[in-house]
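Notes follow once the structure below has been shown.
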Amino acid sequence: MHAILCATPEEMDALRGVLHADPQPEIHGPTRVWRARHAGEAVVLAQAGIGKVNAAAAATLLLSMFGARTLIFSGVAGGLNPALAVGSVLLAERLAVHDYGIVTAGAFTPTAYGVIPVGAPVLSAPEPVDEAVRAVLARLAQAVSGRLDARLGGVVTADYFLNCAATRDELHARLGADAIDMESGAVAVVARAWGVPLYVIRTLSDLAGGDSHLTYDEMVEAAAGNSAACVETLLEMLRRAP
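Quick note on our numbering: the sequence shown kicks off at 228 and runs consecutively.
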């Protein structure tokens with residue numbers, strides 16, 4: 228079964244607009260789960276809530292209780308790459324949590340996730356996804372190219388909303404990341420631990436600068452809609468895969 232996650236009500240509304248979901252969700256702690264169908268096949272939709280802890284909890288719930296064998300994260304993100312615009316769709320070929328690390332001499336250094344930060348490798352770039360996942364995402368970008376600006380790139384995750392152009396530019400320069408969100412990297416850790424594929428689809432709702440909070444409010448619904456449209460296409464691709 229495919230399970231599609233998102234963080235916010237706007238993102239869930241967009242997903243429910245393209246999939247045939249039950250009218251009422253099941254409540255599992257902080258996670259709201261809708262059973263749905265696509266082309267006659269059962270899928271589940273989960274509104275996890277915002278942040279890494281909520282996202283990881285929801286992903287684990289979907290894997291353990293609902294028997295998910297594929298995870299898809301659909302939603303919005305802040306842009307880090309100046310070549311991207313609001314409305315561009317980023318398909319994550321690289322993922323990382325970048326607010327995990329060590330503080331020394333008043334400075335924070337991100338390190339590899341899940342190991343003791345003392346002596347751990349410094350995080351220099353998001354980690355590549357599985358090559359089979361990347362190949363599917365590349366085909367997805369081509370499939371939607373006539374209607375959306377979709378491309379592969381790197382996404383970093385942290386438990387903060389980025390509203391600072393200087394930090395945005397530093398993250399792009401230091402990590403080579405194209406977008407920032409608050410959930411995907413955590414779900415990637417869970418997916419890797421369970422040995423299941425994860426497809427992350429993020430549309431830019433803002434450019435993570437000083438006015439990003441204003442742009443987000445204006446563009447979140449449209450951006451979520453772009454991601455949901457890509458999810459619909461991805462599900463069709465996965466359904467037809469041998």
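Glycine residues also receive a C-beta, built at the ideal position from the N, C-alpha and C atoms.
{"Query": "Determine the burial state of Q274: buried for a count of at least 16 other Cβ atoms within 10 Å of its Cβ, exposed for fewer.", "Result": "buried"}
{"Query": "Return the chain-ordered list of same chain residues with a C-beta closer than 8 Å to the C-beta of G437, the five sequence neighbours on each side being excluded.", "Result": "N390, C391 and A392"}
{"Query": "Is the separation between the beta-carbon of G302 and that of A234 shorter than 8 Å?", "Result": "yes"}
{"Query": "Do you know how far the Cα of L375 is from the Cα of V271?", "Result": "25 Å"}
{"Query": "What beta strand (DSSP E) runs, 3 residues minimum, are completely inside the stretch 332-420?", "Result": "334-337, 377-384 and 406-408"}
{"Query": "Quick one: Cα of P250 to Cα of D240, how far?", "Result": "11 Å"}
{"Query": "Using DSSP's beta-bridge definition, name the partner residues of L462.", "Result": "In DSSP, L462 forms no bridge with anything."}
{"Query": "Take A283 and list the residues in its own chain whose beta-carbon comes closer than 8 Å to its own, dropping the five residues that flank it on each side.", "Result": "A413, V414, V416 and V417"}
{"Query": "Can you list, in chain order, the residues of its chain whose CB lies under 8 Å from that of T442, leaving out five sequence neighbours each side?", "Result": "V313, S432, D433 and L434"}
{"Query": "At the level of alpha carbons, what is the spacing between A400 and T384?", "Result": "16 Å"}
{"Query": "Name the DSSP beta bridge partners of H440, please?", "Result": "Answer is none; H440 lacks a bridge partner."}
{"Query": "How big is the Cα-Cα spacing for E397 and G381?", "Result": "15 Å"}
{"Query": "Bridge partners of Q274, per DSSP?", "Result": "C233 and R259"}
{"Query": "Grab the span of the beta strand (DSSP E) containing V316 for me, first residue to last.", "Result": "V316 to V324"}
{"Query": "Cβ of D405 within 8 Å of Cβ of L322?", "Result": "no"}
{"Query": "Grab the span of the alpha helix (DSSP H) containing A304 for me, first residue to last.", "Result": "Where A304 is concerned, there is no enclosing alpha helix (DSSP H), although the beta strand (DSSP E) it sits in stretches over T297 to G306."}
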